[in-house]
Amino acid sequence: MYAIMAISGLSFLLVAVLMPLLIWTLRRLRLTQPIRAELPADHQAKRGTPLMAGLILLVGVATSLQFHPVPLMLLLCVTFLLFSSIGFLDDFKKAFWQNPSGISGRTKLVLQFLFTGAVLYVLLHSFGLTSDIALFQGYTLHLPVYVYVAVMLLFIVGSANAINFTDGLDGLLINVSVPTYFFFFMISDKPEVQTFSLVMIGCLLGLFLYNIYPARAFMGDTGSLAIGGSLSVLAVIEKVEILIPILFFIYLAEQLSVILQVWYYKRTKLRLFRMTPIHFHFSLKYGWSENKIVMIFGFISWISVLVCWLIWKYLMH
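The numbering used here puts the first residue of the sequence shown at 171, with every later residue one more than the last.
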């Protein structure tokens, strides 16, 4: 346990030390964040902030593999890299051409489904993943493999994008995802999952020093999609799919707000929220500062993790 904590601390230090160099490099290459025209004035002021700082999270991948070069750790790191590569393509187009749109949504979804399908195939054929979904008091839901794969494809891709939506304010995604990684560290009996989770926490806290308001750099989709993909796959590996609505509460609320906004506007030509994802609504309607939203959303994420841990410990075992 102490060794894992030391590795996490090392990851934190590496990220904290290397981030200034990455920020300088991104500035020199002019890979900076373009801002959507419809965003509020305080967000327009962020134009020119270095993008793709999520690349620093690759320190976590390298550190994890260095200390646990075993098949499951390799799979976790490859999953992280695959989703990060999609985000990198998106961020690079945004930054290089200063186009907030990035690559098309269809392209991102196709790549996510392909990569997720490959990861699920490996889990099922090489790591003994079953097509059962754990319920409560030892009961399980037995699904045909093809049904399970279809459901998990939708779940992983949907959750990864929900987590990506959460990355909209300085430090928000980090503050919300650290508790989620901590949950997997707490419940897992796999050293690889424990190490990977704590290493990512260390990396995220190191990045937080530069991403907290006012951010000196944005992680971009390079980081947020990688976080989304890895957290979703961890839920599958640990067989806690049933807990996702609670564990991923903030992420799903962010995604659901976008879906509801589009649906409501198409029906009524009116807006249900001032702006989505919903963190913008609290800023525009209630005047909450970025730091207030980040703190409250982070607190809710910790509560979600606590509830899930209690359910896992006392109802699922």
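No residue lacks a Cβ here, since even glycine has one placed at the ideal position from N, Cα and C.
Please read all numbers here as calculations on a predicted model, not as lab measurements.
Taking only the alpha-carbon atoms, compute the straight-line gap between residue i and residue j and give it to the nearest angstrom.
{"i": "residue 225", "j": "residue 176", "result": "22 Å"}
{"i": "residue 376", "j": "residue 230", "result": "11 Å"}
{"i": "residue 387", "j": "residue 307", "result": "45 Å"}
{"i": "residue 312", "j": "residue 303", "result": "7 Å"}
{"i": "residue 343", "j": "residue 440", "result": "29 Å"}
{"i": "residue 293", "j": "residue 363", "result": "14 Å"}
{"i": "residue 233", "j": "residue 423", "result": "32 Å"}
{"i": "residue 277", "j": "residue 237", "result": "35 Å"}
{"i": "residue 384", "j": "residue 378", "result": "11 Å"}
{"i": "residue 216", "j": "residue 416", "result": "32 Å"}
{"i": "residue 432", "j": "residue 203", "result": "25 Å"}
{"i": "residue 478", "j": "residue 400", "result": "18 Å"}
{"i": "residue 324", "j": "residue 412", "result": "14 Å"}
{"i": "residue 336", "j": "residue 453", "result": "14 Å"}
{"i": "residue 267", "j": "residue 275", "result": "17 Å"}
{"i": "residue 338", "j": "residue 467", "result": "12 Å"}
{"i": "residue 447", "j": "residue 382", "result": "19 Å"}
{"i": "residue 390", "j": "residue 282", "result": "17 Å"}
{"i": "residue 270", "j": "residue 245", "result": "32 Å"}
{"i": "residue 243", "j": "residue 315", "result": "24 Å"}
{"i": "residue 410", "j": "residue 356", "result": "13 Å"}
{"i": "residue 291", "j": "residue 251", "result": "17 Å"}
{"i": "residue 183", "j": "residue 462", "result": "27 Å"}
{"i": "residue 358", "j": "residue 248", "result": "20 Å"}
{"i": "residue 172", "j": "residue 326", "result": "31 Å"}
{"i": "residue 220", "j": "residue 354", "result": "31 Å"}
{"i": "residue 460", "j": "residue 205", "result": "16 Å"}
{"i": "residue 331", "j": "residue 185", "result": "25 Å"}
{"i": "residue 187", "j": "residue 309", "result": "48 Å"}
{"i": "residue 450", "j": "residue 174", "result": "37 Å"}
{"i": "residue 262", "j": "residue 194", "result": "16 Å"}
{"i": "residue 436", "j": "residue 192", "result": "43 Å"}
{"i": "residue 457", "j": "residue 298", "result": "50 Å"}
{"i": "residue 279", "j": "residue 345", "result": "26 Å"}
{"i": "residue 200", "j": "residue 455", "result": "34 Å"}
{"i": "residue 365", "j": "residue 414", "result": "22 Å"}
{"i": "residue 438", "j": "residue 425", "result": "20 Å"}
Taking C-alpha atoms, which residue in the options lies nearest to residue i?
{"i": "residue 482", "options": "405, 423 and 182", "result": "405"}
{"i": "residue 296", "options": "240, 282, 268 and 197", "result": "240"}
{"i": "residue 300", "options": "238, 442, 421 and 408", "result": "408"}
{"i": "residue 430", "options": "443, 419 and 421", "result": "443"}
{"i": "residue 333", "options": "184, 420 and 186", "result": "420"}
{"i": "residue 465", "options": "173, 341, 357 and 222", "result": "341"}
{"i": "residue 227", "options": "478, 448, 487 and 367", "result": "367"}
{"i": "residue 222", "options": "235, 242 and 197", "result": "197"}
{"i": "residue 190", "options": "235, 271, 390 and 380", "result": "380"}
{"i": "residue 486", "options": "457, 305, 425 and 345", "result": "305"}
{"i": "residue 403", "options": "329, 220 and 310", "result": "329"}
{"i": "residue 272", "options": "357, 280, 260 and 279", "result": "260"}
{"i": "residue 218", "options": "264, 248, 327 and 184", "result": "264"}
{"i": "residue 445", "options": "460, 428 and 461", "result": "428"}
{"i": "residue 418", "options": "435, 460, 476 and 458", "result": "476"}
{"i": "residue 361", "options": "438, 235 and 484", "result": "235"}
What span of residues does the beta strand (DSSP E) with residue i cover, start to end?
{"i": "residue 273", "result": "From DSSP, residue 273 is part of no beta strand (DSSP E); its letter is neither H nor E."}
{"i": "residue 385", "result": "Segment: none, residue 385 is in no beta strand (DSSP E) and carries neither H nor E."}
{"i": "residue 311", "result": "310–312"}
{"i": "residue 344", "result": "First-last for residue 344: 342–357, but that is the alpha helix (DSSP H), not the beta strand (DSSP E)."}
{"i": "residue 205", "result": "No beta strand (DSSP E) holds residue 205; DSSP gives it neither H nor E."}
{"i": "residue 302", "result": "302–304"}
Give the range of the alpha helix (DSSP H) segment to which residue i is assigned.
{"i": "residue 365", "result": "361–381"}
{"i": "residue 328", "result": "315–336"}
{"i": "residue 182", "result": "172–198"}
Give a yes or no on whether 8 Å exceeds the smallest Cβ distance from residue i to chain B.
{"i": "residue 230", "result": "Within the model displayed, chain B is absent; a lone protein chain is all it includes."}
Is the number of C-beta pairs between the region 278–295 and the region 309–326 that are closer than 8 Å three or more? yes
Does the region 461–473 come close enough to the region 342–350 that 3 or more CB-CB pairs lie under 8 Å? yes
Complete beta strand (DSSP E) runs within the region 216–295 (minimum length 3 residues, chain order): none
List, from N- to C-terminal side, the beta strand (DSSP E) runs of 3 residues or more that fit wholly inside the region 402–471. Runs of the beta strand (DSSP E) lying entirely within the region 402–471, each at least 3 residues long, are absent.
Using a Cβ distance threshold of 8 Å, determine whether the region 382–400 contacts the region 252–264, with at least three qualifying pairs required. yes
May I ask you to verify whether the region 354–373 touches the region 179–196, counting CB pairs closer than 8 Å and requiring at least 3? yes
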